[in-house]
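> The sequence shown: position 593 = 593 (UniProt numbering), numbered continuously.
The structure under discussion is supplied below as structure tokens; questions concerning it will follow.
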Amino acid sequence: MGKVVGIDLGTTNSVVAVMEGGKPVVIANAEGMRTTPSVVAFSKEGEKLIGQMARRQSVLNPQNTFYAVKRFVGRKYDELSSESKRVPYTVRRDESGNVKVKCPRLDKDFAPEEISAMILRKLVEEASQYLGQPVTGAVITVPAYFNDAQRQATRDAGRIAGLEVKRIINEPTAASLAYGLDQQYNQTILVFDLGGGTFDVSVLDVGDGVFEVRSTSGDTQLGGLNFDQKIVDWLAEEFLEKEGVDLRRDRQSLQRLNEAAEKAKIELSGVPVTPINLPFITATADGPKHIETKLERSHFENLCGDLLSQIRGPLKQALDDANVTPSQIDEVVLVGGSSRMPMVEDLVRSVMNREPNRNVNPDEVVAVGAAIQAGILTQEVKDILLLDVTPLSLGLETVGGVMKKLIPRNTTIPVRRSDTFSTSENNQTVVEVHILQGEREMVGDNKSLGRFKLMGVPPAPRGIPQVQVSFDIDANGILQVSALDKTTGRQQSITVQEASNLSESEIQDMVRAAEENAATDRMIRERIEKRNRAGALAFRAERLLREVAIDFGMQFARERRRRIEDLVQTLRVAVEQSDERGIDIAQSDLQNEVYEMNREAYLYDLDDAGDGSILGQIGDTLKKAFSGDDDDYYRTGGDYGYGPNAGYDGGGGYPSGNGYSNSWERQAQWDAPDWNQQRSSGSQNKSWDDWDDDWDQPAQPPRPAPSYDQLPERGGYNPSTPAEYDQNRYPQDAYSQDRYPQENTGRSGYSDDYGSRDYGSGGSNYDSSNYGRNEIGQGRYDQGSKDQGAYDQGYGQDSYGQDRYGQNDYRQSGYDSDDGASDRYQQRDYQRSDGSLGDGRSQPNANNPSYPADSPPDRNPDSRGEYDRQDYGRQDYDRSDSDRPDSERSVYDRQDNSRPGNNRPDSSRPDYDRTQDAPPRNSQRSSQDNWDDDAWF
């Protein structure tokens, strides 16, 4: 058994809803919108477009785009007002006087019921996709003031769409169901429904599961379109007076005016004034013409004064028919998009003397009520009784052209009423029954629903035969009439068919055509959806390329980027050429490439310990700020300079053999000390780290500048000595000298190959004219791309900070570019072979496991330290030997706490003990270029 849904078939928008788990749910369409424009169009290729797609192309295709056909449903051409015919497409009359809309693209005329059936079919197909099962039945809403002909025409539209119409329900009644479903107490409510094309007012008693309609009134030709038309006329009249051109005579200009008017009406519900700009609205001999003006809300309300008067009439009539006063109404429920206009709210407020209730969505509440009614019919919703009424009186014609009313308006349905009539002439054998609907006394002023004849009446004088005529209205508001000859018992009955503009054979032909074309329509729809998916995929691919370029640079996955760009172009060409197979192939290949690109970016993010987003960068910064200065887990290695392995940096404290693996997956080359270390820089107070530093140490006096003879250009180095950082060759500070392991060129420290590894220049790049360096950082750390690094030209190249290489990507708390110098002089990256940590402190190791952690280590002559003097053409002095005379020591003992650094001779190299405090700021500079006052030596 198929599912039954509720459908609000509106003039401008339609909505479908369904009961799920005892609750009504509105179903979104393929575009993700909960409302679907009631628009049908046929493109230049003959494709049928429904909903938003049809609406978007209406300006360029006005003659083949049909909207607001609900105003034509169930009506004769002569019944149409002049305003309802003012649409960009052609409305004409057929041979039977019915309304037809002409489609030049297909050279075919459509009945309004056919257009409505196309909209219903789209809604049902999308509901079927959402539910995962076919939808076979529906409850369809109609304006309360629809007559029997319009109700029957709506039912026909459902049949053409392949639906079993379970019930036709009035829109205000449906809204009351949605409002009162959870109400626990009795209320008298007034439902004010001002939609796009119709207006209804109903008064209901709601409570204890019973919904009883007491009265209803309205106008089927009054709605939001009338308010739009006021703006259209105002714009057209202004333009006619100024330019002498009536824009309403041009279809495209009229369509543009309609869209601009609707937009302005909606905007004026929230702002006091709105601009209206329509460039190139038309052209004259003087050139193109434009509309550029503003519409104020007060002026708009003045334009619509007569429409407000039309609304006021049915509102008061509904109150009078229900025999209630405004004070007796408990709630006023506003329904329909046009009820959002401030002038309408003010009108309701002034008439009812109360604030209207806005707890329901005016766009969806009718469909929700229809879904509840569907649930009642399928037993999903119980203990609810709905008592609706007929909106107009029903009767028949009697002698003299007078209407005899059998069922007055606002009679609760279903209902059956009958009356007895006789012949008006002698020997009359045929009695004709003319069925009417309306409130006027004379036949000509009411709506004719149909005629039928009762044959075989026995000849008799006038007034003698007795004919009983019965009117039966079912729950759908559909009328059935029967006539019984009491003398012979002959009976004739009819379900009023003339109420519909379509005969049964026409309806069957349309149903058959819809079934035959269902496969074709489905193929066309699938083709359109495939094109839409292809376009969306191409857009996502281009966006991915932009994001990857921003996050990782233009060189990231360069070959895959080219393939994606080529596939995007191929896919778009296939879409333009309607190459279905080409679309499938290109779409499949592009999806695979996009997946691979996303995978590579994800893996790169993991490897780089960041997600490339701003939040990820902030998170990384916070992690590093609160981790120890030595805990460089977040930096990966990278190649700098020239050659296959030139200047390769394996990442924080790890050898190059670990490659690009995450730092927490590598084997550490050192052990973290477990006590606070000597602070080396007094200027690092703002970067203080309690894990590494100690506030209580006094500052050390400034160091003397290097002598003139020590400069490289004065011969202060031994060219035959290949030392990586020879104290005689480069007059630098010994604090940084023990940070450059000679045997491990893959470390982040200085390599023993200055030119080809770290500095990428093919040779020693220490310019003697620049105090022994050529701005360290111009080679290995490229300032053009890695401007966040420790080596930044703006920081004076402080050698104190050179023990933290790898700062090019991520600033650590221990080395911050704001200071230009690092407080990280623990040498924890490179553990010496003699067990010391490079800072004078020692710890047990394999060579001497017995000595205590706080005592000097015993020198092992077979093991050389990180900075072995015999490797570099000089004496190898034991670091723990503090008895050697000062004059014989070229490198002072790091653990020598007895000799203050300020007692050294000026001619000696400034080499301070690690256990002593760092010199104060603004001491000896090592480079005269790019000096930063925050950096010091």
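Don't be surprised by glycine CBs; every beta carbon is placed ideally from N, CA and C.
Just so you know, these numbers come straight off a predicted model, no measurement behind them.
How do the stretch 402 to 413 and the stretch 467 to 483 stand: do at least 3 beta-carbon pairs fall below 8 angstroms, yes or no?
Yes: at least three Cβ pairs fall under 8 angstroms.
> By Cβ distance, which residues of its chain are closer than 6 angstroms to Pro-134, with the 5 residues on each side in sequence left out?
If we look at Pro-134 and ignore the five residues flanking it on each side, its Cβ neighbours are Gly-2, Ser-128.
> I believe Arg-451 touches His-434 by the beta-carbon criterion, under 8 angstroms. Please report the beta-carbon distance rounded to the nearest angstrom.
Indeed they touch by this definition, with Cβ atoms about 5 angstroms apart.
> What does a CB cutoff of less than 6 angstroms around Gly-137 pick up in its chain, not counting 5 residues either side in sequence?
So the qualifying residues of the chain are Val-4, Glu-164, Lys-166.
> Going by the CB atoms, is the gap between Glu-113 and Ala-153 shorter than 9 angstroms?
For Ala-153 and Glu-113, yes; Cβs fall inside 9 angstroms.
> Go ahead and label Met-442 buried or exposed: buried means 16 or more other beta carbons lie within 10 angstroms of its beta carbon, across all protein chains shown.
Its Cβ having fewer than 16 others within 10 Å, Met-442 is exposed.
> Please classify residue 972: is it buried, with 16 or more other beta-carbons within 10 angstroms of its beta-carbon, or exposed?
Nothing can be reported for residue 972: it is not among the residues displayed for the chain, which extend from 1 to 937.
> Consult DSSP for Arg-56 and reduce its assignment to one of helix, strand or coil.
Correct three-state label for Arg-56: helix.
> Report the residue from Asp-109, Asp-419, Arg-105, Ala-178 whose alpha carbon sits nearest the alpha carbon of Gly-22.
Looking at the Cα atoms, Ala-178 is the closest of the given residues.
> Kindly list the residues whose CB is nearer than 6 angstroms to the CB of Gly-46, restricted to its own chain and excluding five residues on each side of it in sequence; keep chain order.
Hits under 6 angstroms: none found.
> Helix, strand or coil for Ala-392? Go by DSSP, reduced to three states.
First, the amino acid is wrong: residue 392 is Leu here, not Ala. Leu-392 falls in the coil class under three-state DSSP.
> Which word fits Val-366, buried or exposed, when buried means at least 16 other C-beta atoms lie within 10 angstroms of its C-beta?
It counts as buried.
> Quick check: Asp-383 and Ile-169, are their CB atoms within less than 9 angstroms of each other?
Taking 9 angstroms as the Cβ cut-off, Asp-383 and Ile-169 do not qualify as a contacting pair.
> Contact between the stretch 306 to 320 and the stretch 211 to 230: three or more CB pairs below 8 angstroms?
With the cut-off at 8 angstroms, the stretch 306 to 320 and the stretch 211 to 230 touch.
> Following a CB-centred definition, is Pro-37 positioned closer than 8 angstroms to any heavy atom of the ligand SAH?
This structure lacks the ligand SAH; in fact it carries no ligand of any kind.
> Is the beta carbon of Leu-537 sitting closer than 9 angstroms to the one on Met-597?
No, the Cβ-Cβ distance between Leu-537 and Met-597 is not below 9 angstroms.
> Under a three-way DSSP split, which group does residue 939 fall into?
Residue 939 is absent from the model: the chain starts at 1 and stops at 937.
> Among all the DSSP beta bridges, which residues are the ones paired with His-434?
DSSP output for His-434 lists Arg-451 as bridge partner(s).
> Helix, strand or coil: how does DSSP classify Asp-893 here?
For Asp-893, the predicted structure reports a pLDDT of 44, less than 50, and the residue's modelled location is therefore unreliable. A value from the coordinates is still provided. Coil at Asp-893, not helix or strand.
> Using C-beta distances below 7 angstroms, list every residue in its chain close to Pro-459, excluding the 5 sequence neighbours before and after it, in chain order.
Cβ within range, chain order: Asn-427, Thr-429.
> Can you find the residues in the same chain that come closer than 8 angstroms, C-beta to C-beta, to Ala-586, ignoring five residues on each side of it along the sequence?
Only Ala-534, Leu-567, Thr-570, Leu-571, Ala-574 meet the Cβ criterion.
> Using the C-alpha atoms, what's the distance from Ile-291 back to Glu-565?
Cα to Cα, Glu-565 sits roughly 42 angstroms from Ile-291.
> Indicate whether the contact test is met: 3 or more Cβ pairs, each with one atom in the stretch 70 to 85 and one in the stretch 281 to 290, closer than 8 angstroms.
Flag = no, the stretch 70 to 85 and the stretch 281 to 290 do not touch.
> Comparing C-alpha positions only, which one of Leu-106, Leu-394, Asn-64 sits nearest to Val-87?
Nearest option by C-alpha distance: Asn-64.
> Would you report the Cα separation of Asp-445 and Leu-225, rounded to the nearest angstrom?
Distance between the alpha carbons of Asp-445 and Leu-225 is about 26 angstroms.
> Which first and last residues belong to the alpha helix (DSSP H) in which Lys-230 is found?
224 to 243 is the span of the alpha helix (DSSP H), which, as asked, contains Lys-230.
> Are Ser-116 and Val-69 touching if we call contact CB-CB under 9 angstroms?
Yes, they are a contact pair.
> Three Cβ pairs or more, each shorter than 8 angstroms: is that satisfied between the stretch 313 to 329 and the stretch 213 to 225?
Yes: at least three Cβ pairs fall under 8 angstroms.
> Quick check: the Cα distance between Thr-11 and Gly-195, rounded to an integer number of angstroms?
In a straight line, the C-alpha of Thr-11 is about 8 angstroms away from that of Gly-195.
> Which residue wins for smallest C-alpha separation from Ala-175, given the options Ile-160, Ala-157, Phe-211, Arg-155?
Closest by alpha carbon: Phe-211.
> From Arg-531 to Pro-356, what distance separates their C-alpha atoms?
Near 46 angstroms, if we compare the C-alpha coordinates of Pro-356 and Arg-531.
> Could you tell me whether the Cβ atoms of Val-335 and Val-191 are closer together than 9 angstroms?
Contact flag set, yes.
> What are the start and end residues of the alpha helix (DSSP H) that includes Pro-288?
From DSSP, Pro-288 is part of no alpha helix (DSSP H) but of the beta strand (DSSP E) over 287 to 296.
> When we look at the beta-carbon of Ile-140 and count the other beta-carbons within 10 Å, is it buried (16 or more) or exposed?
Looking at its Cβ environment, which holds 16 or more other Cβ atoms inside 10 Å, Ile-140 is buried.
> Which first and last residues belong to the beta strand (DSSP E) in which Ile-7 is found?
Run containing Ile-7: 3 to 9, per the beta strand (DSSP E) assignment.
> What's the gap between the Cα of Asp-109 and the Cα of Pro-62?
The alpha-carbon atoms of Asp-109 and Pro-62 are separated by roughly 15 angstroms.
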